[in-house]
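>
In the working numbering, the protein residues as written are 623 to 1684.
1. For the structure I just gave you, are there three or more beta carbon pairs, one from the stretch 1151 to 1160 and one from the stretch 1092 to 1102, closer than 8 Å?
2. Quick check: the Cα distance between residue 1592 and residue 1459, rounded to an integer number of angstroms?
3. What is the DSSP secondary structure of residue 730, reduced to helix, strand or coil?
4. Could you check if residue 805 is buried or exposed, using at least 16 other CB atoms within 10 Å of its CB as the buried criterion?
5. Using a Cβ-Cβ cutoff of less than 8 Å, which residues in the same chain neighbour residue 1564 once the five nearest sequence positions on both sides are dropped?
6. Of all the options 700, 728, 1431 and 1589, which has the alpha carbon lying nearest to the alpha carbon of residue 1489?
7. Helix or strand or just coil, what does DSSP make of residue 1271?
8. Quick check: what's the CA-CA separation for residue 1018 versus residue 762?
9. Pick from 781, 814, 846 and 857: whose alpha carbon is nearest that of residue 799?
10. I'd like the list of long-range same chain contacts for residue 823, defined as Cβ closer than 7 Å, with 5 residues on each side in sequence excluded.
11. Does DSSP put residue 759 in a helix, in a strand, or in coil?
12. Can you look up residue 1661 in the DSSP assignment and give me helix, strand or coil?
13. Is residue 768 closer than 8 Å to residue 742 when the C-beta atoms are compared?
14. Evaluate residue 1677 with the Cβ neighbour count: other Cβ atoms within 10 Å of its Cβ, from every protein chain shown; 16 or more gives buried, anything less gives exposed.
15. Tell me the residue span of the alpha helix (DSSP H) that contains residue 908.
16. Indicate whether residue 1215 and residue 1323 have their beta-carbon atoms separated by less than 8 Å.
17. Use the C-beta contact count for residue 1580: other C-beta atoms within 10 angstroms, 16 or more gives buried, fewer gives exposed.
18. With three or more beta-carbon pairs closer than 8 Å as the criterion, would you say the stretch 1567 to 1576 touches the stretch 1611 to 1625?
19. Counting along the chain, where does the beta strand (DSSP E) carrying residue 1393 start and finish?
20. Assess, as a yes-or-no matter, whether the stretch 675 to 692 is touched by the stretch 777 to 791 under the definition of 3 or more beta carbon pairs within less than 8 Å.
21. Any contact between the stretch 1630 to 1642 and the stretch 1660 to 1675? By contact I mean 3 or more CB pairs, one from each, below 8 Å.
22. Does residue 1107 pass the burial test, meaning 16 or more other C-beta atoms within 10 Å, or should it be called exposed?
23. Residue 974: which of 691, 941 and 1420 sits nearest, CA to CA?
24. Taking the alpha helix (DSSP H) that residue 1580 falls in, what are its first and last residues?
25. Just to confirm the assignment, what range does the beta strand (DSSP E) spanning residue 1105 have?
26. Buried or exposed: where does residue 661 fall if 16 or more other Cβ atoms within 10 Å of its Cβ makes it buried?
27. So which of 1140, 1647 and 1202 has the shortest CA-CA distance to residue 1193?
28. Per DSSP, what kind of secondary structure is residue 1329 in: helix, strand or coil?
29. Compare the beta carbon distance of residue 891 and residue 976 with 8 Å and say whether it is the shorter of the two.
30. Taking C-alpha atoms, which residue in 972, 963, 1123 and 1074 lies nearest to residue 953?
31. Sorted by chain position, which residues of the same chain lie with C-beta nearer than 7 Å to residue 1675's C-beta, five sequence neighbours on each side aside?
32. Identify whether residue 1318 lies in helix, strand or coil by the three-state DSSP scheme.
33. Just checking, does the stretch 1394 to 1405 make contact with the stretch 1363 to 1377 on the three C-beta pairs under 8 Å criterion?
34. Using 10 angstroms around the beta-carbon of residue 779, count the other beta-carbons present and answer buried if the total reaches 16, otherwise exposed.
35. Could you tell me whether the stretch 1308 to 1323 touches the stretch 1176 to 1187, where touching means 3 or more Cβ pairs closer than 8 Å?
36. Just mark residue 915 as buried or exposed, buried being the case when its beta carbon has 16 or more other beta carbons within 10 Å.
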């Protein structure tokens, strides 16, 4: 190609670039809306549902015939090409930018080179557009370019150039983009409300989430075609569901819209009283079960309650008074019931009250009541209904299925199901009958459209879940002109999806998850078990929330969640003793099983006593203690043995006498009854009298008995090279120390609140293990106190009085000191008293504690070992004021810098095994302490009034009082704090926003893909924190508002919070 020719070609290329900048008509535009939808057939080379004649830009390269490099022919093609799918075939159109020089362009078709089809020619621009079919967009396509030109000497140049076309990054997103545009248009035009043509409250946000997820997929450069098709299918399902919920009312604006007597579907919600936030009660109802019944002008709403046995009362306000809702029906198998109540004005909120009494686990009773408000919307007289016309005897679609438009319409009138169907070829199908009371009856014609050759028919269905026998009469002519008259027997199957069982299981699993505590104590669960269950719960919720979900999908989700819940329950730590074996001396806790009262009233024992109690065993004598509720007295207790014989444990008239049954305290708040339990496998009958004089007898059996404080048998740690210690006292009850060889041992220990098995706040101020030094047969224990300056005094009981411990060393740089004291008996707990001076002289706190020693952890160590050396081998020295901590699992973690900063500031600690567990979840108590320490809150403490105050750990309470006083933390709707509950990302954002007093004027926009799922109470705080760069989303721009925050996320937020308050 000579220089002159190249110059001309360059000029033409510049011209074409300029022309490319001119906007094309909408029918060919390929910018923000590059798709033209011409028709709606469903074809896809990838198996997805798509529409024909949608164009997409496609980059490509004309490669050399044998080398992996661009051919010189590549310059003759404008880029990009255009790609569309027509009738399942790939059609590619390319612009040749020098029409005269390239008179022929062939591509391989079925093994032969075939001339491409000319679509258009532009003589002035010297270009033409050609089109050809491509069987495999991912393979090279052999092609040939014929160049016809003149050389500089005037002689002609005619040459065929073999090339290979390579299409770049083949990923057809055209249909998905077209659907996104359509869905967005529907969303933007829709209005939420209860008027005709509007959509239920929340419907737009649900659709928008699906749109944003689809947009994220469409914008992902690394996405696969199956992912694109899956996103398209999901969005199509969401759009179909959205269209289906459009409100259809008659005479809107009059409450029920002037509906005639009958039954209608109705949407409803249950809010916390006085808010727009969903109440927890909304998780305990079948959201799709709402029905409005109009009778004589009166309106009654009914829906299905899940966990029926646990929801002991559901009341609504009637004439200013809360009244129990009527029970329409019960389903014992699914533990549900349908309730009904009158609603005078559906446009106003209705006050309600709900009581839940749920023994979630043997050790956890969920006993709460809620003030709620019920809101009603979208009274619909019809809903879409998918169905299939099945073969009369085979489980497959009949050939008659093609004569029906889908979906049908379903409405409930006067308690009866009415289904209307559109027959597509009315003249071909003159008769359509369905079975009514065992006989085929002609359907009722509702309307006829002669021009479209369709008619709408209606019929009644007694059971929407059963197959309905029907017959279609076809009347037409065969190709030879002879008539064809035939009755075809079919069966109609309606796609009625039942979510009640899945929703009930979700509610049960969520309750188990929320009540569970991870740990090694009895009734707790292994670390990670809750997060595993939560994943299964969220997956089930996602399936249950899909309007287009099939019954098979729902059943599959239920089976998966049931399996996850079963595994979760099985993983619970069970340290219960065998009730058939002798019980060691010590203290135990127990739970019991008790039937309702024997008089047939159905009264539960929980109305009179607390669930569970304590068992004390001294020299084999077992005494059970049960706490009585206010005003309750014990009239009689009987032991019912296996042979049926009965022993009176207490004369009916001598409750307060000394003996084997006695009242331990007369104060109403601590009133308890104690009685001897000779046989833990026997049944005990308790006659209890309530505060109003009513008496009931209950039969009680022990369920689980858990050791609380049971002294271990004496053990002797081994010393290398010494064998048996010898020289012991020989008595099995001798203190362990009397058998130990002089030397040093490492040992773990725990500091409890005095008289309890709850860890004290002082646990945070010590490092482990300690060193036990045996000298002359006497044990002395030493350990390191962290935050030494804050610990004003540490005293241990010696010979009946509290004595100050010895200080072995002190380090002002690390703010630590080593202390030591003598231990009389390593098998017993040492009573101690600690005074803290954390903030100022007027905020001195003192704690009564007990130090328990773990003899099983004792290991002989080198005589030159120090506390620092053994700690460095087992646990990092967490220094809250200076120095550097090396944790073994953060070196390559994204949050490493933030964690190390928080450690240095004393905001967080590592675990005893040298780990930080950055991806582990954090609970509300832990984060409360973190934010309190970080902000160094002072002088804002308020009196705590949480309903679950007694279950909040002592080490949390001082920090909680400060954060509550600062307005950072509030209670749940039931006035609880729920210390062990994993904190959600929404909650953590609100706390940080309140701490920084970020403005929440609602002007900040949320750009997260799941923004509509962020709770209303959290949205302003999340928006404000995100705008400040304090909080970020997770993968795919999802905020994941209900996901549990990780330790790493929490520490990172704390670090950003500190940056803001500098």
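The C-beta atom is built at its ideal place from N, Cα and C for all residues, glycine as well. Nothing here was measured: the structure is a model prediction, and the numbers come from that model.
Inspection of the coordinates gives the following:
1. Contact between the stretch 1151 to 1160 and the stretch 1092 to 1102 is absent: fewer than three C-beta pairs spanning the two stretches fall below 8 Å.
2. Counting only the Cα atoms, residue 1459 lies some 27 Å from residue 1592.
3. Collapsing the DSSP output to three states places residue 730 in a strand.
4. Result: buried.
5. Its chain contains 1583, 1586 and 1587 as the residues whose beta carbon lies nearer than 8 Å to that of residue 1564, once the 5 sequence neighbours on both sides are disregarded; these appear in chain order.
6. For residue 1489, the closest alpha carbon among the candidates 700, 728, 1431 and 1589 is that of 1431.
7. It is a strand residue.
8. Between residue 1018 and residue 762, the C-alpha separation is close to 41 Å.
9. Out of 781, 814, 846 and 857, 857 has the C-alpha closest to the C-alpha of residue 799.
10. Cβ neighbours of residue 823 within its own chain (closer than 7 Å, five residues either side excluded): 814 and 999.
11. Three-state DSSP puts residue 759 in coil, outside helix and strand.
12. The three-state secondary structure of residue 1661, taken from DSSP, is coil.
13. Contact check for residue 742 against residue 768 fails: the beta carbons are separated by 8 Å or more.
14. Residue burial is scored here from C-beta neighbours: residue 1677 has at least 16 other C-beta atoms within 10 angstroms and is therefore classed as buried.
15. For residue 908, no alpha helix (DSSP H) run applies, since DSSP gives it neither H nor E.
16. Less than 8 Å separates the beta-carbon of residue 1215 from that of residue 1323.
17. A buried status is given to residue 1580, since no fewer than 16 other beta-carbon atoms sit within 10 Å of its beta-carbon.
18. Here the stretch 1567 to 1576 makes no contact with the stretch 1611 to 1625; the two share fewer than three CB pairs at distances below 8 Å.
19. Looking at the DSSP string, the run of the beta strand (DSSP E) that includes residue 1393 is 1392 to 1397.
20. Result yes; three or more Cβ-Cβ pairs closer than 8 Å.
21. A contact exists between the stretch 1630 to 1642 and the stretch 1660 to 1675.
22. Answer is exposed; the Cβ neighbour count stays below 16.
23. Looking from the CA of residue 974, the closest CA among 691, 941 and 1420 belongs to 941.
24. Start and end: 1579 to 1587.
25. For residue 1105, the uninterrupted beta strand (DSSP E) run begins and ends at 1105 to 1116, by DSSP.
26. Because the pLDDT at residue 661 is just 29, under 50, the model does not fix this residue reliably, and the value given afterwards should be weighed accordingly. Taking every protein chain shown into account, the CB of residue 661 has fewer than 16 other CB atoms within 10 angstroms, so this residue is exposed.
27. When each option's Cα is compared against that of residue 1193, the closest is 1140.
28. Note: residue 1329 maps to strand in three-state DSSP.
29. It is not a contact, given that the beta carbons lie outside the stated cut-off.
30. Looking at the Cα atoms, 1123 is the closest of the given residues.
31. Here the set comprises 1610, 1614, 1652 and 1653.
32. Here residue 1318 sits in strand by DSSP.
33. The count of Cβ pairs closer than 8 Å, one atom from the stretch 1394 to 1405 and one from the stretch 1363 to 1377, reaches three, so the stretches are in contact.
34. Answer is exposed; the Cβ neighbour count stays below 16.
35. No, the stretch 1308 to 1323 is not in contact with the stretch 1176 to 1187.
36. Here residue 915 is buried, its C-beta having at least 16 other C-beta atoms within 10 Å.
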